[in-house]
Amino acid sequence: MTDWRPIARAALPADTVTLARALIGMAVVRDTPEGRAVVRIVETEAYPLNDPASHAFRGLTPRTRPMFLDRGHAYVYLGYGTSWLLNVSSEVEGVGAGVLIRAGEPVEGAHLMVDRRGGRSRPAELTAGPGRLCQALAVDRSLDGADLCAPGPLFLATPPRPVGEIGASVRIGLTKAVEQPWRFFERDNPYLSGSRRLNQRL
DNA sequence: GTATGGATGTTCT
DNA sequence: GAACATCCATACT
């Protein structure tokens with residue numbers, strides 16, 4: 004059992020694309036009454052300032068308020084009416100931007116994640132994909148706005164082991180700004196979402 | 001292995 | 001009323 008501790012906010016880069024890259028390899032610690040579940044982040048996407056695909060592009064709304072918090076806060080929203088998606092706010096307070104956590108590698112409490120995923124236990128089905136990851140970690144709207152740099156039900160921690168080579172590709176599932184290479188991933192990690200082709204690029 | 005289409009509900013126009 | 005940072009089952013090669 005690792006003694007997970009929240010990462011210092013000062014240790015998070017105050018730039019969205021840089022943060023998206025820096026989050027690869029970091030741990031997400033999720034505590035519930037059932038126990039602790041931990042994943043190692045293996046895939047992210049940056050939604051920086053002035054990005055037409057960002058929810059914050061058209062300014063602050065009730066939904067996107069957490070994106071305007073100081074870096075290291077959770078922005079959780081419902082995508083396509085079916086899946087929760089977890090983001091980490093980036094930049095300084097007042098600037099709307101964030102990083103989507105797209106996939107993780109189970110590190111601790113894998114049995115909890117299997118249960119929450121309806122018994123599915125194959126790697127590609129457990130935490131590969133932003134909706135699947137949130138389901139596995141029991142992340143929902145109740146965690147919207149949570150501080151990920153402080154003790155609590157959900158927080159970030161430093162990488163549990165050395166981070167491998169990081170690749171980049173275009174972002175997945177977008178209808179706007181589809182050309183920017185703002186998706187980052189740990190190369191050759193079996194817990195990635197996305198096609199083989201995307202994961203081999205660049 | 002890849003491709004396609006439906007379910008779904010919240011948000012904003 | 002349209003859009004949507006997804007998932008899953010099904011159908012195919």
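According to this note's numbering, the first sequence holds residues 4 to 205 in order. A virtual CB, placed ideally from N, CA and C, is assigned to each residue, including glycine.
key: Where the alpha helix (DSSP H) containing residue 52 begins and where it ends   = Run containing residue 52: none; DSSP gives neither H nor E here.
query = Quick one: Cα of residue 188 to Cα of residue 173, how far?
reply = 11 Å
inquiry  = For residue 54, count the other beta carbons within 10 Å of its own beta carbon; 16 or more makes it buried, fewer makes it exposed. Which is it?
reply    = buried
ask   = Are there 16 or more other CB atoms within 10 angstroms of the CB of residue 83, so buried, or fewer, so exposed?
value = It counts as exposed.
message = Looking only at its chain, what residues have a beta carbon closer than 7 Å to the beta carbon of residue 69, apart from the 5 residues adjacent to it on each side?
response = Excluding sequence neighbours, residue 69 sits near 76, 77, 78, 92, 147, 148.
message = Contact between the region 106 to 118 and the region 33 to 50 is defined here as three or more beta-carbon pairs at a separation below 8 Å; is this criterion met?
response = yes
query = Which residues bound the alpha helix (DSSP H) around residue 9?
reply = Where residue 9 is concerned, there is no enclosing alpha helix (DSSP H), given that its DSSP letter is neither H nor E.
query = What does a CB cutoff of less than 7 Å around residue 63 pick up in its chain, not counting 5 residues either side in sequence?
reply = Answer for residue 63: 71, 99, listed in chain order.
Selected residue, minimal CA-CA separation from residue 181, among 117, 48, 136 = 48
ask   = Just checking, does the region 6 to 16 make contact with the region 159 to 172 on the three C-beta pairs under 8 Å criterion?
value = yes
ask   = Taking just the CA atoms, how far does residue 121 sit from residue 194?
value = Rounded to whole angstroms, residue 194 to residue 121 spans 18 Å at the Cα level.
key: Range of the contiguous beta strand (DSSP E) that encloses residue 118   = Where residue 118 is concerned, there is no enclosing beta strand (DSSP E), although the alpha helix (DSSP H) it sits in stretches over 113 to 119.
request  = Would you decide whether residue 3 is buried or exposed? Buried here means 16 or more other CB atoms lie within 10 Å of its CB.
outcome  = Residue 3 lies beyond the range of the chain shown here (4 to 205); nothing can be said about it.
query = residue 4 to residue 179, Cα distance in whole Å?
reply = Approximately 43 Å between the Cα atoms of the pair.
key: residue 143 versus residue 153: straight-line alpha-carbon distance, rounded   = 18 Å
Pick from 25, 175, 94, 105 that is closest to residue 59, judged by C-alpha positions = 94
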